[in-house]
Amino acid sequence: MSKDQVFYRYKYVGFSQNSLKIITDGTIKFTCPLDFNDPFDCRPYLLVDDDVVTSNPFKIAQKHKNLSPAEKIKQKPQMLKNLKNAIDSGEYIKVFLQDLGVLSLSRTANNILMWSHYADNHRGFVVEFKYDMDILSSKAHRLESLFPIPVEYETSRPIHKMSERFDPTKHFLTKSIDWKYEQEERVITTNEGHGVHPYNRKEILNAVVAGAKMSDKDFESLRNAVEKASCEIGREIKIKKAKVSDYRYEVII
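First residue of the sequence shown: 0, per numbering that gives the first Met the number 0; consecutive thereafter.
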């Protein structure tokens, strides 16, 4: 197997019984974007353009109201006003976000800020997933494969014209350039939604990295979880302990 066929992605978590289940149970949490810490995330600028009144969503809304042609013309201004109010209040975008599930991964396991923000100030751990393209090529569309898509970082929010079809790939995979240090990639599900979902632990769980400040007690629990999972899947899951560099601002793994 060539190195080009294999890549690794990482999940930062705090230490808890729930996060241990990523290892012991082969389950992982997908978060609803409404709960994200970034108020811009998954929220494109919604532009009510001139063509919106001839768009399919607008026509469908009129059809459901069973309006006559004359009533459709009469009610267009009010329907446009209602649409703008729904956008301004945030209710419109909630329709797209409330059933969405997002798993955030990273291309790096040694980012100091990520350890601080998402792994309980270096007291948590990082889960390493190993992806073999030969295996994933036929399974990438399956949620349990946790196949990630890179996030794009921009200075401007994506624009969604209300007359056009909503593009979740574009709008849910763009973030402010301020977050670029995260090197984020996402697994997104619109079918299963947010919550805890199983993943293919046997194929992709590769290693676990304990934080540099993890307590001895938590490290023992983590090691027991890794050893148990290794026995269950029939191969070794490596466990490592991160260290703080003596000379550089660097986390050593």
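We put the CB at the ideal spot given by N, CA and C, even for glycine.
Spatial neighbours of residue i within its chain, please: C-beta separation below 8 Å, excluding the five flanking residues on both sides.
{"i": "Ile-251", "result": "Asn-109, Ala-241, Lys-242, Val-243 and Ser-244"}
{"i": "Asp-37", "result": "Lys-174, Ser-175 and Trp-178"}
{"i": "Leu-33", "result": "Lys-93, Leu-96 and Gln-97"}
So what does DSSP say about residue i, is it helix, strand or coil?
{"i": "Pro-197", "result": "strand"}
{"i": "Ser-175", "result": "strand"}
{"i": "Pro-32", "result": "helix"}
{"i": "Thr-168", "result": "helix"}
Would you kindly work out how many angstroms separate the C-alpha atoms of residue i and residue j, rounded to a whole number?
{"i": "Gly-255", "j": "Lys-227", "result": "The shown model of the chain, from 0 to 252, leaves out residue 255, and the question about it has no answer."}
{"i": "Cys-128", "j": "Pro-149", "result": "It should be pointed out that residue 128 corresponds to Phe in this sequence rather than to Cys. The alpha-carbon atoms of Phe-128 and Pro-149 are separated by roughly 15 Å."}
{"i": "Ile-59", "j": "Ser-18", "result": "For Ile-59, the pLDDT reaches just 43, beneath the cut-off of 50, and the residue's location in the model is therefore unreliable, leaving the point undetermined."}
{"i": "His-193", "j": "Val-186", "result": "11 Å"}
Apart from the five residues on each side of it in sequence, which residues of its chain come closer than 6 Å, Cβ to Cβ, to residue i?
{"i": "Ile-21", "result": "Ile-27 and Val-126"}
{"i": "Asp-217", "result": "Phe-14"}
{"i": "Met-132", "result": "Gln-4"}
Considering only the beta carbon of each residue, do residue i and residue j sit closer than 9 Å?
{"i": "Lys-239", "j": "Gly-25", "result": "no"}
{"i": "Cys-41", "j": "Phe-171", "result": "yes"}
{"i": "Tyr-117", "j": "Gly-13", "result": "yes"}
{"i": "Leu-46", "j": "Ile-158", "result": "yes"}
{"i": "Tyr-130", "j": "Val-5", "result": "yes"}
{"i": "Tyr-44", "j": "Arg-156", "result": "yes"}
{"i": "Ser-105", "j": "Tyr-11", "result": "yes"}
{"i": "Ser-144", "j": "Tyr-91", "result": "no"}
Exposed or buried, which one is residue i when buried takes at least 16 other CB atoms within 10 Å?
{"i": "Glu-235", "result": "exposed"}
{"i": "Gly-210", "result": "buried"}
{"i": "Cys-230", "result": "exposed"}
{"i": "Gly-123", "result": "buried"}
{"i": "Asp-215", "result": "exposed"}
{"i": "Gly-100", "result": "buried"}
Between residue i and the rest of its own chain, which residues show a CB-CB distance below 7 Å, the 5 nearest in sequence each way excluded?
{"i": "Leu-142", "result": "Thr-188, Glu-191 and His-196"}
{"i": "Ser-103", "result": "Glu-183 and Arg-185"}
{"i": "Ile-111", "result": "Tyr-248 and Val-250"}
{"i": "Val-225", "result": "Ile-22, Val-207, Ile-236 and Ile-238"}
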